[in-house]
Amino acid sequence: NAGVMQNPRHLVRRRGQEARLRCSPMKGHSHVYWYRQLPEEGLKFMVYLQKENIIDESGMPKERFSAEFPKEGPSILRIQQVVRGDSAAYFCASSPGQGNEQFFGPGTRLTVL
Amino acid sequence: AQKITQTQPGMFVQEKEAVTLDCTYDTSDQSYGLFWYKQPSSGEMIFLIYQGSYDEQNATEGRYSLNFQKARKSANLVISASQLGDSAMYFCAMRDEIYSGANSKLTFGKGITLSVRP
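As given, the protein sequences belong to chains V and W, one line each in that order. Residue numbers for the first sequence, in the working numbering: 9 to 121. Residue numbers for the second sequence, in the working numbering: 76 to 193.
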């Protein structure tokens with residue numbers, strides 16, 4: 009059973025471009041969480057989604073950031089008009105909806121030039 | 076609101092010795108879960124151990140144990156018989172479980188760097 013997959017692993021964008029980060033949860037998992045880790049910091053929650061629904065987006069910046077988890081395909085975190093402060097590691101985690109653990113993907117390292 | 080505090084500076088331990096990594100938390104929730112994750116230099120987040128707030132026994136997973144002191148709101152991680160591969164960042168995290176059960180966001184501390192000396 010493959011783990012949580014994220015791609016790309018590394019993404020470089022220039023200021024003003026769009027960044028799309030993908031997350032494929034573990035098989036059978038319908039709950040996805042996105043976290044952001046700034047340098048020298050812990051992870052900060054951004055958004056929690058179930059299939060086709062946003063459950064909790066209390067950690068998402070109000071502008072430029074959006075997330076979706078369609079019925080088919082991976083979850084997408086989209087950052088429009090990126091700025092240097094968006095440079096960070098973005099982690100996706102998934103859970104089956106029961107049990108204790110959130111399983112993390114390897115992360116996407118976004119660098120904004 | 077939930078808060079996790081990890082204030083130790085970088086920690087050093089001799090190989091094969093035990094080490095304790097401190098974590099204190101603050102929450103008004105009655106039901107919550109506490110976690111420890113390891114982040115090696117490669118960057119992935121590795122789950123180590125979980126403690127439920129109503130669990131009477133301290134959690135153990137192999138060489139990892141969680142020293143849970145509910146009244147003091149502390150959840151320290153104890154690593155026994157340290158190995159060189161234990162060198163990494165260690166994050167304490169918690170989540171509210173009273174409304175959403177296991178389906179709730181994690182709140183992380185800032186982490187502690189552990190270096191194991193040969």
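Note that CB positions come from ideal geometry on N, CA and C, so glycine has one too. Quick caveat, the model's predicted, so the values are computed rather than measured.
Quickly, what does DSSP pair residue i with across the bridge? List them, please.
i              : result
I87 (chain V)  : V:A27 and V:F73
Q46 (chain V)  : The question names Gln, but residue 46 (chain V) is Leu in the sequence shown. The partner list for L46 (chain V) (beta bridge, DSSP) is empty, contrary to what the question assumes.
S32 (chain V)  : V:M13
G118 (chain W) : BP columns for G118 (chain W) are empty, so no partner.
M86 (chain W)  : W:L189
E136 (chain W) : W:Y139
K78 (chain W)  : W:D101
A39 (chain V)  : According to the sequence as given, residue 39 (chain V) is His; it is not Ala. According to DSSP, which records beta bridges pairwise, H39 (chain V) is partnered with V:Q58 and V:S103.
I124 (chain W) : W:W111
Hey, would you say residue i sits closer than 8 Å to residue j, going by beta carbons?
i              : j              : result
I154 (chain W) : A93 (chain W)  : yes
Q45 (chain V)  : L29 (chain V)  : no
Y98 (chain V)  : L121 (chain V) : no
G24 (chain V)  : V90 (chain V)  : yes
P78 (chain V)  : E60 (chain V)  : yes
M68 (chain V)  : V55 (chain V)  : yes
H18 (chain V)  : G105 (chain V) : no
F110 (chain W) : L159 (chain W) : no
M164 (chain W) : Q114 (chain W) : yes
A134 (chain W) : I79 (chain W)  : no
G118 (chain W) : G115 (chain V) : yes
F122 (chain W) : E26 (chain V)  : no
F166 (chain W) : G137 (chain W) : no
R72 (chain V)  : Q88 (chain V)  : yes
Which whole-angstrom value is the C-beta distance of residue i and residue j, which I expect to be below 8 Å?
i              : j              : result
L189 (chain W) : S162 (chain W) : 6 Å
S83 (chain V)  : C100 (chain V) : 7 Å
G184 (chain W) : G113 (chain V) : About 21 Å separates the two Cβ atoms, so there is no contact after all.
G108 (chain W) : Q126 (chain W) : 7 Å
Q81 (chain W)  : D97 (chain W)  : 7 Å
S112 (chain W) : M120 (chain W) : Per the sequence shown, residue 112 (chain W) should be read as Tyr rather than Ser. Their Cβ separation, rounded to whole angstroms, is 5 Å, which keeps Y112 (chain W) and M120 (chain W) in contact under 8 Å.
K52 (chain V)  : Y41 (chain V)  : Their Cβ separation, rounded to whole angstroms, is 11 Å, which puts K52 (chain V) and Y41 (chain V) out of contact at 8 Å.
E172 (chain W) : S116 (chain W) : Wrong, their Cβ atoms sit about 32 Å apart, outside the cutoff.
K91 (chain W)  : S140 (chain W) : Not confirmed; about 16 Å, so no contact.
Which residues mark the beginning and the end of the beta strand (DSSP E) in which residue i is found?
i              : result
G108 (chain W) : Y107 to Q114
R117 (chain V) : T116 to V120
C100 (chain V) : A96 to S103
H18 (chain V)  : H18 to R21
T95 (chain W)  : V94 to L96
M54 (chain V)  : L51 to Q58
D130 (chain W) : Premise fails: D130 (chain W) is in no beta strand (DSSP E) and is neither H nor E.
Does at least one heavy atom of the ligand HEM sit under 7 Å from the Cβ of residue i?
i              : result
A163 (chain W) : The ligand HEM is not part of the structure shown, which contains no ligands of any sort.
request  = Just list the beta strand (DSSP E) runs in the region 138-181 of chain W, keeping only unbroken ones of 3 residues or longer that don't cross its boundaries, in chain order.
outcome  = 139-144, 149-154 and 163-171
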